[in-house]
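Read the structure below first, then the notes.
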DNA sequence: GATTAGCACTCTTATCAAATGAGTGCTAAG
DNA sequence: CTTAGCACTCATTTGATAAGAGTGCTAATC
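Have a look at this one:
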């Protein structure tokens, strides 16, 4: 779509004005506020063309124009200027993250709070996932005669622990043996790589300790499970209600009913691409009830391994330049903090 | 307040009708639907008296009556009939909880989902707290030369673990020694009981291992902290938006902005009394922005020790009989499941 | 040929008055 | 003590009108 300069300027004006006001944009206001040196009538002609091209649309005959989904897309891809946080904001964010190492849960909550303050959108964050992380070590530590603590460490530095019941008659030596075997077979593998074949060999070798082994494998699976099914953390629900489009209760209900479904949010976040920041507009989200929304999201990582996603959900009319700036900055910092804090 | 039988019947009719319809109740509809064998005019006289007593009120001159806060209170304390879940519902709940032992996070999420389905209110659940639990055992397990895993077990069966950095030159024997000393001093104490005095004795005894000890105490404190500041889990936000009172966006915003504040929800839940189920109506919640709501909540426990709270928040007009029945049943089941699942 | 002023036309929103109707309070009769 | 009857109040609905915003088109202008 090779738009001439002026058409681009008009489209840009319409998008940016609509982002600010949430109202349809009239030819007159474009001419007045964005000083293109032409009269409203000329703008009207350009608008007419843009509408023909499907980039803007008219809610009704006697209203101004609003950007269409392709219009926003065009804006995001070609017209939007890269923006940054103010030094002041950057300093605030840094200060929040600079405090001494925190528990994972704290870091997550902290991140959400920060982003909630920086934008007026809904913040979604999927927690670190072990899926791609290689196992570093498994330990089975006897605590009481009938209980042991299974500790699983990954290369990315996460440590998970769980209790297992021990069958009676099991000695510490047995446990140590199991530990050895597991480490030999599993070290360096990622969870998905621990295939049936490998499990079989392990079972063969440890045929005598079948009972405990079953329990331990249950644990390993549970840990894996918990981390792929990892919850999506939310923040800023009240934020999004500030947006004028949500003075309509029906829309709020629609929004609420799908943001309460963990599975849906996870699906939305998981489609985040590998690029620095992914912007999905309206139907591009590929989930009907979210058709009226947009999502700006990015992946954060621990020493290069993508482990989780953070995203903003807002109306299609969201301030993309701002959202992209915030998400970009936060994922950078978050990745940095997590990498530094890792446990080895 | 000794109301005669008929006044009680009228009040009951008004409360129950208003709970169902959310509309002011007219004398005519009371006479018609609740067959008291008297005419609307008589009901009107009774209503007039009830209004004088402050139990009901009129939104405006030509409207029916709605219960006032004291009116609901009177209803809850004296008129409301105890209700139970249907056998069908009980079976469903049981089925959900019957599955094999789950991770704590799953139990919580599971409980919330269940209650969300059973009612039309907002579900709040504060996770198990260690605060009142006595320490059973502390273990410091060397994992790598520079890291150890500190495991803290309580009498209620919870196990928490955290990594600590070891100062260089620290041997396994040193660690074992620290472990011994901590166990000697701390076993059987609850977290709040680990006072400064006790800490001092420990420090004296372990003066040489000051560095690690500092880290370990940090951990103990962090675990304590995390568990008193324990998050409040929410569910059913979309539920509450079904209530007709929340077709007003302003009310929704007010609600959202305070339910997103963990601290506030915690404060509300924490005021739950020791009785089987606590009902707080409107201003009784003692938090101004929640004055228009009611909370039905109860404490759940692990083998007799109260560890957390579950509550429903709804409009003052909420179906108290139903809410009480649900909360009572769920806390019973939850306590049972948690007690059975505990780790010793 | 591109730009613009001018004007008719469309559609939404605001406003107001009148009509409607639900519900009460009071009075007087049963 | 109860109740029928009626006047009165107040919120809500309805319809009609006016006001306003914005466009599209045409014809004049640069």
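Chains as they are written, first to last, in my numbering: chain P, 1 to 344; chain U, 345 to 688.
Built from N, CA and C at the ideal position, the CB exists for glycine as well.
- In the pairwise beta carbon analysis, the segment 244-253 of chain P is classified as not touching the segment 279-287 of chain P: fewer than three pairs are separated by under 8 Å.
- For the 9 Å CB-CB criterion, residue 620(U) and residue 642(U) form a contact.
- Counting along the chain, residue 654(U) sits inside the beta strand (DSSP E) bounded by residues 649-659.
- Collapsing the DSSP output to three states places residue 182(P) in a helix.
- Ranked by Cα distance from residue 174(P), the first of 238(P), 164(P) and 206(P) is 206(P).
- Taking the CA atoms as reference points, residue 204(P) sits about 22 Å from residue 165(P).
- Sorting 334(P), 290(P), 62(P) and 325(P) by C-alpha distance to the C-alpha of residue 314(P) places 290(P) at the top.
- Residue 392(U) holds the alpha-carbon nearest to the alpha-carbon of residue 405(U) among 399(U), 479(U), 392(U) and 384(U).
- In the structure shown, residue 140(P) adopts extended strand secondary structure according to DSSP, grouped into three states.
- With respect to the 9 Å criterion, residue 162(P) and residue 182(P) are not classified as neighbours on the basis of their beta carbons.
- With contact defined as three or more Cβ pairs closer than 8 Å, the segment 671-679 of chain U and the segment 429-440 of chain U are in contact.
- Considering only beta carbons, the part of the segment 460-493 of chain U lying closer than 9 Å to chain P consists of 460, 481, 483, 485, 487, 488, 490, 491 and 493, in chain order.
- Contact between residue 50(P) and residue 7(P) holds: their C-beta atoms lie close to 6 Å from each other, under 8 Å.
- Rounded to the nearest angstrom, the Cβ distance from residue 318(P) to residue 294(P) is 5 Å, consistent with a contact under 8 Å.
- Below the 7 Å Cβ cutoff, chain P contributes 238 and 241 as neighbours of residue 597(U), in chain order.
- For residue 333(P), the CB contacts under 8 Å within the same chain, skipping 5 residues up- and downstream, are 93, 94 and 97 in chain order.
- Around residue 589(U), no beta-carbon contact reaches into chain P at under 7 Å, the shortest distance being about 11 Å.
- C-alpha of residue 76(P) to C-alpha of residue 158(P): approximately 37 Å in a straight line.
- In the structure shown, residue 468(U) adopts extended strand secondary structure according to DSSP, grouped into three states.
- Beyond the five residues adjoining it in sequence on each side, residue 622(U) comes within less than 6 Å, by CB distance, of 616 and 641 in the same chain, given in chain order.
- Among the CB atoms of chain P, one or more fall inside 9 Å of the CB of residue 600(U).
- Contact note: residue 612(U) does not reach chain P at a C-beta cutoff of 9 Å; the least C-beta distance is about 17 Å.
- For residue 249(P), the chain U residues whose Cβ falls inside 9 Å of its Cβ are 585, 590, 591, 592, 593 and 596, in order along the chain.
- Considering only beta carbons, the part of the segment 496-524 of chain U lying closer than 8 Å to chain P consists of 497, 503, 505, 506 and 507, in chain order.
- With at least 16 other beta carbons inside 10 angstroms of its own, residue 654(U) counts as buried.
- Counting only Cβ-Cβ distances below 8 Å, residue 16(P) has no contacts in chain U at all, with the closest Cβ about 26 Å away.
- Contacts with chain U at 9 Å (Cβ-Cβ) include residue 260(P).
- Chain U has no Cβ within less than 9 Å of the Cβ of residue 291(P).
- For residue 453(U), the closest Cβ of chain P is nearer than 9 Å.
- C-alpha of residue 151(P) to C-alpha of residue 497(U): approximately 15 Å in a straight line.
- Take residue 589(U), set aside five residues on each side of it, and the residues of its chain with a beta-carbon closer than 6 Å to its own are 659, in chain order.
- It is roughly 33 Å from the alpha-carbon of residue 554(U) to the alpha-carbon of residue 146(P).
- A residue is called buried when at least 16 other Cβ atoms come within 10 angstroms of its Cβ; residue 390(U) meets this threshold and is buried.
- Counting only unbroken stretches of 4 or more residues, the alpha helix (DSSP H) elements lying wholly within the segment 7-75 of chain P are 27-33, 40-52 and 69-74, in sequence order.
- Considering only 9(P), 254(P), 111(P) and 53(P), the residue with the shortest C-alpha distance to residue 300(P) is 111(P).
- Only residues of its own chain outside the window of five on either side were considered, and among them 11, 15, 55 and 56 have a CB closer than 7 Å to the CB of residue 71(P), listed in chain order.
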